[in-house]
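Single-structure report; data block below.
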Amino acid sequence: MFGDMSLRDPYEVLGVARTATPEDIRSAYRKLAKKLHPDLNPGDSKAEDRFKEVTGAYEILSDAEKRRRFDAGEIDASGTERPQQHYYKEYAGAAGPRYQNTSGFADLAEEDDFLAELLRRREQQARRAPGADRLYQLQVDFLDAVTGATRRITLPDGNSLDVTIPPGIQDGQTLRLRGKGAPSRGDGPPGDALVEITIRPHKFFTRDGDDILIELPVTIAEAILGGKVKVPTPSGAVMLTVPKGSTTGSTLRLKGKGVARRDGSHGDELVKLKVMTPAQPDAELESFLSNWTPNYDPRRDMQP
Amino acid sequence: MIISKTEFLYRAQTDQETLQLWISEEWIAPQGPDTEPEFSEADLARAGLIRNLQQDLGVNTEGVGVILNLLDQIHSLRWALSSRLRAGETESESGT
């Protein structure tokens with residue numbers, strides 16, 4: 001926070017003289033940190049605030065260049081906090097039985113029914129805890145993602161996992177396979193397998209949500225005169241009527257030839273035409289065009 | 305969520321050898337098979353604490369073990385005490 005009046009002088013925070021040597025500063029910091037480290041004071045939130053202040057002060061004074069700039073008044077004591085660290089105490093309660101150590105009151109539990117019951121339940125809970133979730137990645141072909149498929153993942157332990165890919169799955173979507181994760185360490189149910197799907201690109205199809213996009217090359221004659229052309233779709237080729245007078249960029253819609261939706265309907269396939277001149281010189285076309293004067297200017301929008 | 309060994313090494317800013325020491329000292333106890341250990345956010349925070357103890361506070365290897373052991377006992381005691389207190393509250397509420 002800029003101009004925060006409560007920012008204290010780092011020398012004052014560490015309790016050292018302005019002439020303190022780096023060794024003095026380090027030893028002052030260590031002394032305070034031992035007392036104030038949040039993980040050594042799990043129940044004391046005031047200690048955490050003070051610890052932040054102390055590490056901020058040490059951050060300046062332990063760095064010769066920063067200390068010089070602070071002494072010269074070039075920087076103030078702000079903005080020196082370390083990036084937020086997650087202290088272990090935030091997780092200690094939830095870390096489960098792995099790090100639990102109840103030996104410290106085993107003797108008390110012998111005399112106290114409540115404590116004995118607490119420990120018994122904790123053990124039972126640990127035994128019944130489900131196994132961990134496991135994360136896998138699966139690359140699927142574009143068309144398999146559109147029409148659905150079954151794929152097998154081979155696991156590091158040699159087992160395999162059959163994954164049913166529902167039609168219309170999206171890139172980056174995660175499938176949850178219940179009970180296919182790590183086994184429980186006790187008697188609990190196994191965790192889940194989470195399979196993250198990435199979709200390989202296709203040679204000529206792309207996808208926009210439920211719609212399939214394709215750029216379809218056509219001849220000059222097909223564009224000018226119109227005609228029937230064969231267009232690939234994910235479910236096989238269909239005949240499409242190119243209307244007379246089409247041009248590059250004209251888009252035609254094939255209803256229901258897109259990606260399956262959850263409700264059973266389908267998106268569309270959008271066919272964008274691309275007029276292609278012959279790749280090789282064509283004498284017939286040349287002689288025809290030499291007698292033709294275009295009466296349109298394709299660059300009229302580009303006039304400066 | 306599970307953290308892989310590679311990600312753990314990166315996020316804990318440590319190396320393979322050091323991690324091996326932490327595991328053999330039982331300071332960090334990952335789940336899963338040895339060949340493919342699985343770490344948690346709690347393990348990562350614990351690694352942060354170990355680093356603080358060693359680098360910032362100058363605690364030596366033996367000292368870290370003693371501190372973690374006592375700290376685990378404190379957290380278990382705190383858990384037992386808070387359970388006890390909550391149970392006490394419920395009792396006195398139902399008693400009135």
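Chains as they are written, first to last, in this note's numbering: chain A, 1 to 304; chain S, 305 to 400.
Just so it is clear, CB atoms sit at the ideal spot from N, CA and C, and this is done for glycine as well.
May I have the straight-line CA-CA distance separating residue i from residue j, to the nearest angstrom?
i	j	result
residue 147 of chain A	residue 216 of chain A	21 Å
residue 58 of chain A	residue 164 of chain A	56 Å
residue 271 of chain A	residue 302 of chain A	27 Å
residue 251 of chain A	residue 289 of chain A	27 Å
residue 154 of chain A	residue 142 of chain A	21 Å
residue 321 of chain S	residue 388 of chain S	42 Å
residue 136 of chain A	residue 73 of chain A	54 Å
residue 64 of chain A	residue 71 of chain A	10 Å
residue 236 of chain A	residue 300 of chain A	40 Å
residue 49 of chain A	residue 132 of chain A	35 Å
residue 393 of chain S	residue 105 of chain A	22 Å
residue 158 of chain A	residue 371 of chain S	41 Å
residue 198 of chain A	residue 44 of chain A	46 Å
residue 39 of chain A	residue 92 of chain A	10 Å
residue 37 of chain A	residue 379 of chain S	15 Å
residue 345 of chain S	residue 178 of chain A	23 Å
residue 247 of chain S	residue 89 of chain A	No information on residue 247 of chain S is available, as it lies outside the stretch 305 to 400 that chain S covers here.
residue 314 of chain S	residue 306 of chain S	14 Å
Less than 8 Å between the CB atoms is what I'm expecting for residue i and residue j, so what's the real figure, rounded?
i	j	result
residue 212 of chain A	residue 205 of chain A	5 Å
residue 239 of chain A	residue 228 of chain A	5 Å
residue 11 of chain A	residue 349 of chain S	That belief does not hold up - the Cβ atoms of residue 11 of chain A and residue 349 of chain S are roughly 31 Å apart, past 8 Å.
residue 100 of chain A	residue 376 of chain S	7 Å
residue 140 of chain A	residue 151 of chain A	6 Å
residue 390 of chain S	residue 42 of chain A	Not confirmed; about 18 Å, so no contact.
residue 78 of chain A	residue 14 of chain A	With 8 Å as the limit, residue 78 of chain A and residue 14 of chain A do not qualify as a contact, their Cβ atoms being about 17 Å apart.
Cutting at 7 Å between CB atoms, please list the residues of its own chain near residue i, excluding the five before and the five after it.
i	result
residue 24 of chain A	16
residue 176 of chain A	192, 194
residue 85 of chain A	none
residue 329 of chain S	369
residue 183 of chain A	131, 190
residue 230 of chain A	237, 239
residue 208 of chain A	none
residue 253 of chain A	268, 270
Establish whether the CB of residue i and some CB of chain A are separated by less than 8 Å.
i	result
residue 326 of chain S	no
residue 321 of chain S	no
residue 367 of chain S	no
residue 381 of chain S	yes
residue 335 of chain S	yes
residue 400 of chain S	A caution first: residue 400 of chain S carries a pLDDT of 46, below 50, which makes its placement in the model unreliable, though a value can still be read off. Judged by the 8 Å Cβ criterion, residue 400 of chain S is not in contact with chain A.
residue 312 of chain S	no
residue 316 of chain S	no
residue 306 of chain S	yes
residue 388 of chain S	yes
residue 285 of chain S	In this structure chain S extends from 305 to 400, so residue 285 of chain S is not present and cannot be described.
residue 376 of chain S	yes
residue 345 of chain S	yes
So with Cβ pairs under 8 Å, would you call residue i a contact of chain S?
i	result
residue 144 of chain A	no
residue 134 of chain A	yes
residue 183 of chain A	no
residue 187 of chain A	no
residue 179 of chain A	no
residue 41 of chain A	no
residue 101 of chain A	yes
residue 262 of chain A	no
residue 114 of chain A	yes
residue 93 of chain A	yes
residue 98 of chain A	yes
For residue i, verify whether its CB is less than 7 Å away from any heavy atom of the ligand SAH.
i	result
residue 133 of chain A	With respect to the ligand SAH, the structure shown offers nothing to examine, as it has no ligands at all.
Can you list, in chain order, the residues of its chain whose CB lies under 8 Å from that of residue i, leaving out five sequence neighbours each side?
i	result
residue 62 of chain A	22, 25, 26, 29
residue 102 of chain A	109, 119, 122
residue 18 of chain A	11, 71
residue 247 of chain A	223, 273, 275
residue 316 of chain S	323, 348, 351, 352, 355
residue 75 of chain A	60, 66, 69
residue 225 of chain A	244
residue 115 of chain A	105, 108, 109
Give every residue of the same chain whose Cβ lies closer than 6 Å to the Cβ of residue i, excluding the five residues on either side of it in the sequence, and list them in chain order.
i	result
residue 32 of chain A	54
residue 168 of chain A	259, 260
residue 326 of chain S	332
residue 66 of chain A	60
residue 341 of chain S	309, 334
residue 188 of chain A	128, 129, 130
Task: Positions along the segment 351 to 362 of chain S whose CB lies within less than 7 Å of some CB in chain A - done: Hits within the stretch, in order: 352, 353, 356, 360, 361, 362.
Open item on the list: Counting only Cβ-Cβ distances shorter than 7 Å, please list the residues of the segment 9 to 35 of chain A near chain S, keeping chain order.
Closed with: Within the segment 9 to 35 of chain A, the residues whose Cβ lies closer than 7 Å to any Cβ of chain S are, in chain order, 30, 33, 34.
Open item on the list: If the cut-off is 9 Å on Cβ atoms, which residues from the segment 148 to 170 of chain A count as contacting chain S, listed in chain order?
Closed with: Within the segment 148 to 170 of chain A, the qualifying residues are 156, 157.
TODO: Using a Cβ-Cβ cut-off of less than 8 Å, give me the residues of the segment 247 to 281 of chain A that come near chain S, in sequence order.
DONE: Flagged: no residues at all.
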